[in-house]
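**Q** I have a structure here, written as structure tokens, and I will follow up with some questions on it.
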Amino acid sequence: MIDAENLTRKFDNLTAVDNLTLHIDEGEVFGFLGPNGAGKTTTVRMLCCLIGKTSGTAKVGGYEIGNAADIQKIRKIIGLLPENVGLYEDMSAYKNLDFYGKIYKLTETQRRERIERFLRMLGLWEKQDQPAGSFSKGMKQKLAIARALIHDPKVLFLDEPTANLDPEASKTVRDFILELKKEKHTIFLNTHLLDEAERICDRVGILKTKLLAVDTPERLRQSLWGTKTVIQLESVNDAVVAAVKKLGSWQTEVTGNKLIVSVSNPEHHIPDIVDAVGKAGGRVQSVTQITPTLEDVYLKLVRS
Amino acid sequence: MDLQNVWTIASKDLGIFLKKKSILYSTILFPLIAAIGLPLVVEFAGQAVGGIPATALPGVIDAFLFFFIIGAASLPVGIASYSLVGEKVEKSLEPLLSTPMTDGEILLGKSIAAFLLPLLAIYAGATIFAAFIDAITRGQLGYFYFPNASMAVILFVVVPLVCLLSVEVLILVSARANDVRAAQQFGGVLVFPFVVIYVAGEIGIINLNTTNLLLISAAILAIDILLFFLSRGTFQREEILTKWK
């Protein structure tokens, strides 16, 4: 659904996005992670044909960005929730959506049906006649998502959809995105909330001007160090460490009375490790596993 | 260009303007004061010396009609600045720009909204003004002064061109202005050339007759065309998102 090949955008001497190559399948929820100024919004703006590219190519729904004949076609199949929701605060919730429905040439019946559906789904139906300016941040965010969906776009770009929302509003928005996932919308989610990305996204990309990594959250975590097994002992001695190292070429480290072993398949190897530790005179108190979080991966990549 | 899109934008903006009391009142107030106040001046000026002489009346009335041109220069400023800078401040342009609408359709829709409301207010004010003037001066002049060619040129040629000029200037100002008031203050400068023309007419430097009004219109039309191309260049998605302050 989205294909970018060496997509680059420069502003004078500043490179905002550098040689981005990316493929996103239809129906996929893709999370784009990166610190502020990493180029996430610039990427979305390029893919939405809001700003031009400096070099490279990208296609959205098979249409090429930057190609004059395709730009309008891309705009018809995408929906955008920008970082700032940008509602018409003096207009009612209903009229905000109706206005966008008219832009996308929906009939009056289609507009009425879709507006009612989205406002009911988001719990805003009772407030349809209230000005958007009177809404809370969470309600505004929900209304803006409904606006981006009014024409049933194939690709939905969400730029920081839960930024500045309280936990309850964030959860409502996240749940709504998960509902959309069930409906097979392709969703491009810009966020710096790693927990959100992990919960919602099929795959994530980590961007810092260049794309540093792209994979499923699970595989990214595994790529950092696999799984670490922490063996708490009464005391650690050289014989215990040597016995463990004899079993395989695993990375081991000793912290206090803890022996930490990085193994790729812990379920298979832990019984042997515990056995070897016992035979070497070690007394095992507990065995636990620690898995790297997406945050560990993110911080390692962004700081490197 | 899809005119339905243009009207969708224009009607949305008009709907917002009509809800904003500050915009509504400021649009109505000037034409209303001119429509009622200026005929009262004609009625009561020089009472002590028997009023304005019949021979001087046409000159006075024509000069007063020029106030509607000044109104055409000033009224769209408030509306256009809200339409463009207001939308920039509220950050509502980005979602709009991500739709299939073209830059030209958005710009034209906004321009029509900012142009239409002041134009209608001025036409309504001028109609009331003409009716009062006719009622007041009919006895002294022996005929209805309005409608006449001068009024037709002012209302149907000069006023629309000046309204358009005002809107186009505001589009250019919008690219640099960070708030609605700053844009209004800058746009307000536009009134001065017309005040200067009015004063020049009053002190006899130029004669504001129909021919000269048409010449002034031709000059404004040329400026309008120039500003149209400049504003088209300014109102582009990339410019708005990356260069508008």
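One line per chain: the protein sequences are A and B, in this order.
Per the numbering used here, residue 1086 is the first one in the first sequence, and the count goes up by one each step.
Per the numbering used here, residue 209 is the first one in the second sequence, and the count goes up by one each step.
Glycine included, each C-beta is placed from N, C-alpha and C at the ideal position.
#1: Quick check on D1390 of chain A: does DSSP put it in helix, strand or coil?
#2: Taking the beta carbon of D1097 of chain A as the centre, do at least 16 other beta carbons fall within 10 Å, making it buried, or is it exposed?
#3: So which residues of chain A does E298 of chain B contact, with C-beta pairs closer than 7 Å?
#4: Any Cβ of chain B within less than 8 Å of the Cβ of F1273 of chain A?
#5: In chain order, what residues of the same chain have a beta carbon less than 8 Å from the beta carbon of N415 of chain B, not counting five sequence neighbours either side?
#6: What are the start and end residues of the beta strand (DSSP E) that includes I1375 of chain A?
#7: As a quick exercise: from A:R1130, A:T1312, A:E1281, A:A1328, pick the residue whose alpha carbon is nearest that of F1115 of chain A.
#8: Sorted by chain position, which residues of the same chain lie with C-beta nearer than 6 Å to T1128 of chain A's C-beta, five sequence neighbours on each side aside?
#9: Fully enclosed by the segment 1111-1196 of chain A, which alpha helix (DSSP H) runs are 4 residues long or longer?
#10: If I measure Cβ to Cβ from I1355 of chain A and keep anything under 8 Å in the same chain, skipping five residues before and after, which residues do I get?
#11: Is there at least one Cβ from chain B nearer than 8 Å to I1136 of chain A's Cβ?
#12: So, are the CB atoms of L378 of chain B and S289 of chain B less than 8 Å apart?
#13: Buried or exposed for R1205 of chain A, please, with buried defined as at least 16 other CB atoms from any protein chain shown within 10 angstroms of its CB.
#14: What is the DSSP secondary structure of P1302 of chain A, reduced to helix, strand or coil?
#15: Over the uninterrupted alpha helix (DSSP H) stretch that includes A1217 of chain A, give me the two end residues.
#16: What runs of the alpha helix (DSSP H), each 4 residues or longer, lie entirely inside the segment 225-297 of chain B?
#17: Along the beta strand (DSSP E) that carries E1338 of chain A, what are the first and last residues, could you check?
#18: Could you check the C-alpha separation between P303 of chain B and G1164 of chain A for me, to the nearest Å?
#19: What's the C-alpha gap between F1261 of chain A and K1161 of chain A?
#20: Give the secondary structure of H1072 of chain A by DSSP, where H, G and I count as helix, E and B as strand, and everything else as coil.
#21: Quick one: which chain A residues come within Cβ less than 7 Å of R389 of chain B?
#22: How close, in whole Å, do the beta carbons of I1316 of chain A and K1343 of chain A come, if the pair is a contact with beta carbons under 8 Å?
#23: In chain order, what residues of the same chain have a beta carbon less than 7 Å from the beta carbon of V293 of chain B, not counting five sequence neighbours either side?
#24: Is the distance from the Cβ of R1232 of chain A to the Cβ of N1275 of chain A below 8 Å?
#25: So what does T1312 of chain A bridge to, in DSSP terms?
#26: Mark A280 of chain B as exposed unless 16 or more other C-beta atoms lie within 10 angstroms of its C-beta, in which case mark it buried.
**A** On the basis of the coordinates in this document:
#1: With chain A covering only 1086 through 1389, there is no way to say anything about residue 1390 of chain A.
#2: Residue mapping note: residue 1097 of chain A aligns to position 12 of the first sequence, counting from 1. The residue in question, D1097 of chain A, is exposed, as its Cβ has fewer than 16 Cβ neighbours within 10 Å.
#3: The residue given as residue 298 of chain B occupies position 90 in the second sequence. Within chain A, the residues near E298 of chain B are G1171, E1174.
#4: Stepping through the first sequence from its first residue, residue 1273 of chain A is reached at position 188. So no, F1273 of chain A is outside the interface.
#5: Along the second sequence, one-based indexing puts residue 415 of chain B at 207. Around N415 of chain B: G409.
#6: Reading the first sequence from its first residue, position 290 is the one you call residue 1375 of chain A. I1375 of chain A -> beta strand (DSSP E) spans 1369-1375.
#7: As a working mapping, residue 1115 of chain A is identified with position 30 in the first sequence. The shortest C-alpha separation from F1115 of chain A is found at A:E1281.
#8: Translated into the one-based positions of the first sequence, residue 1128 of chain A becomes position 43. Hits under 6 Å: V1102.
#9: 1125-1132, 1153-1162, 1178-1188
#10: As a position in the first sequence, residue 1355 of chain A is number 270, starting the count at 1. These residues qualify, in order along the chain: T1314, V1348, V1372.
#11: Translated into the one-based positions of the first sequence, residue 1136 of chain A becomes position 51. Yes, its Cβ sits closer than 8 Å to a Cβ of chain B.
#12: By one-based count along the second sequence, residue 378 of chain B stands at place 170. By one-based count along the second sequence, residue 289 of chain B stands at place 81. The answer is yes: Cβ separation under 8 Å.
#13: Residue 1205 of chain A sits at position 120 when you count from the first residue of the first sequence. Exposed, since its Cβ has fewer than 16 Cβ neighbours within 10 Å.
#14: Counting from one through the first sequence, the residue named residue 1302 of chain A turns up at place 217. Three-state DSSP puts P1302 of chain A in a helix.
#15: Residue 1217 of chain A sits at position 132 when you count from the first residue of the first sequence. No alpha helix (DSSP H) holds A1217 of chain A; DSSP gives it neither H nor E.
#16: 229-252, 265-273, 275-289
#17: Taking the first residue of the first sequence as 1, we reach residue 1338 of chain A at position 253. Element bounds for E1338 of chain A: 1336-1340.
#18: Taking the first residue of the second sequence as position 1, residue 303 of chain B is located at position 95. Taking the first residue of the first sequence as position 1, residue 1164 of chain A is located at position 79. Approximately 9 Å between the Cα atoms of the pair.
#19: As a working mapping, residue 1261 of chain A is identified with position 176 in the first sequence. As a working mapping, residue 1161 of chain A is identified with position 76 in the first sequence. The straight-line gap from Cα to Cα measures roughly 22 Å.
#20: Residue 1072 of chain A falls outside the range modelled here, since chain A spans only 1086 to 1389, and no answer is possible.
#21: As a working mapping, residue 389 of chain B is identified with position 181 in the second sequence. Those within 7 Å of R389 of chain B in chain A number zero; the least Cβ separation is about 18 Å.
#22: Counted from its first residue, the first sequence places residue 1316 of chain A at position 231. Counted from its first residue, the first sequence places residue 1343 of chain A at position 258. At roughly 7 Å, the Cβ-Cβ gap stays under 8 Å, so I1316 of chain A and K1343 of chain A are in contact.
#23: By one-based count along the second sequence, residue 293 of chain B stands at place 85. Here the set comprises S382, A385, D387, V388, A391.
#24: Position 147 of the first sequence, counting from 1, holds the residue named residue 1232 of chain A. Position 190 of the first sequence, counting from 1, holds the residue named residue 1275 of chain A. Result no, Cβ atoms of R1232 of chain A and N1275 of chain A do not sit closer than 8 Å.
#25: On the first sequence, position 227 is the one that residue 1312 of chain A refers to. Paired residues: A:V1348.
#26: By one-based count along the second sequence, residue 280 of chain B stands at place 72. Classification of A280 of chain B: buried, given that the 10 Å Cβ count is 16 or more.
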